[in-house]
Every structure is written in structure tokens, then in C-alpha cells.
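**Student:** Throughout, the numbering used here is defined as the position within the sequence shown, counted from one, plus 44. Note that beta-carbon positions come from the ideal geometry of N, C-alpha and C, so glycine has one too.
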Amino acid sequence: SDKSAIGSILKWMQGHYGYTSILTGIFVAIWLKIFFKKYEYNFYELLIMLCFVQGISMLIFAIFAFLQGISHFNLLSFAGILGVVYMTWAIGNFFEERKIGNYVKALISFFLGTMTFYIIVFVIGISIDMLTQN
45 SDKSAIGSIL KWMQGHYGYT SILTGIFVAI WLKIFFKKYE YNFYELLIML
95 CFVQGISMLI FAIFAFLQGI SHFNLLSFAG ILGVVYMTWA IGNFFEERKI
145 GNYVKALISF FLGTMTFYII VFVIGISIDM LTQN
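#1: Kindly give me the distance between the Cβ atoms of L76 and I135, rounded to whole angstroms, as I take these residues to be in contact under 8 Å.
#2: What are the uninterrupted segments assigned as alpha helix (DSSP H) that are 4 or more residues long and contained completely in the stretch 77-165, given in chain order?
#3: Once you ignore the five residues that flank T132 on each side, which residues in its own chain have a CB closer than 7 Å to its CB?
#4: Could you tell me whether the Cβ atoms of T158 and V72 are closer together than 9 Å?
#5: Nearest-angstrom Cα distance between S101 and I50?
#6: Tell me whether Q58 sits in a helix, a strand or coil according to DSSP, three-state version.
#7: Specify the secondary structure class of S171 as computed by DSSP and reduced to three states.
The following block contains the structure:
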């Protein structure tokens, strides 16, 4: 509900998608650092790469939102799938394009980073709700 801290946080996240993407990228970068230890990229290099990749992914969403507005077909579901496929391809390609395992690790890192971010959001929201109850 709107009265809970979680509801307020999720509403803020919807209205500030760019900030949410950057925050999510931090957690994806942590998981990438764990899964791709042998590559000597530091955390900040991974974060910059993710900012670029997520920016292109947002452009994909923007194009499909524009097309949905014109055609009145629900295209955003397809855009979501295409965005995840693009991010998986781009991240896997960043490390070593010829290794299929890198694409699998990229997809897993993306999902784990996103899940970690949302778990932390819910823990913070629940904690705020518990601390502010009468």
C-alpha cells in the first residue's frame, strides 16, 4: 500500500528509473566481480560498462514504448525480453565472446544482482515499517 515504506520506495523507483538502474547496476557489478574473478577488471570498470549497457537497454525500451504508443499493441513485454537478451549478450561479449559460459554467467549475474537489489529494498522497507509502527 502507499502507506508502507516498501510502497513508497517502489513508487519512487518507478518514477526514477535511471537512478534505480544505476543502483541495480552496483549489485550486478558485484556479482560480475564474483563470477568473473579471473578477468582483472575492477569494480568501477564493470560499473561503467554496465551503465553503458543499461543505457542501450533503456533506449530499446524507449523505442518499443514509442512503437506501442503508435500501434497500440502491447510491445513492452517483448522489449523486456529483448533488453535482458541484449544485456546478457553485451556483458558476455565484454569478457570473451567465444566462451558460451560467459553468457550464462552474465545472465546469472544480472538476475542475482537484480534480486539482491530488490531483497535489500524490501529489507529496508520492512525495517522502516517495523521501526515506525505505533
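**Tutor:** Let me lay it out:
#1: Position 32 of the sequence shown, counted from the first residue, corresponds to residue 76. Position 91 of the sequence shown, counted from the first residue, corresponds to residue 135. Right, their Cβ atoms sit about 7 Å apart.
#2: Fully enclosed alpha helix (DSSP H) runs of 4 or longer: 87-115 and 120-139.
#3: In the sequence shown, residue 132 corresponds to position 88, counting from 1. For T132, where only same-chain residues beyond five positions count, the Cβ hits under 7 Å are Y147, A150, L151 and F154.
#4: Translated into positions along the sequence shown, residue 158 becomes position 114. Translated into positions along the sequence shown, residue 72 becomes position 28. Yes, they are a contact pair.
#5: Here residue 101 corresponds to residue number 57 of the sequence shown, with the count starting at 1. Here residue 50 corresponds to residue number 6 of the sequence shown, with the count starting at 1. Going by the C-alpha atoms only, they are around 26 Å apart.
#6: Mapped onto the sequence shown, residue 58 falls at position 14. Reduced to three states, the DSSP call for Q58 is helix.
#7: Residue mapping note: residue 171 aligns to position 127 of the sequence shown, counting from 1. Residue state for S171 is assigned as helix, using DSSP reduced to three classes.
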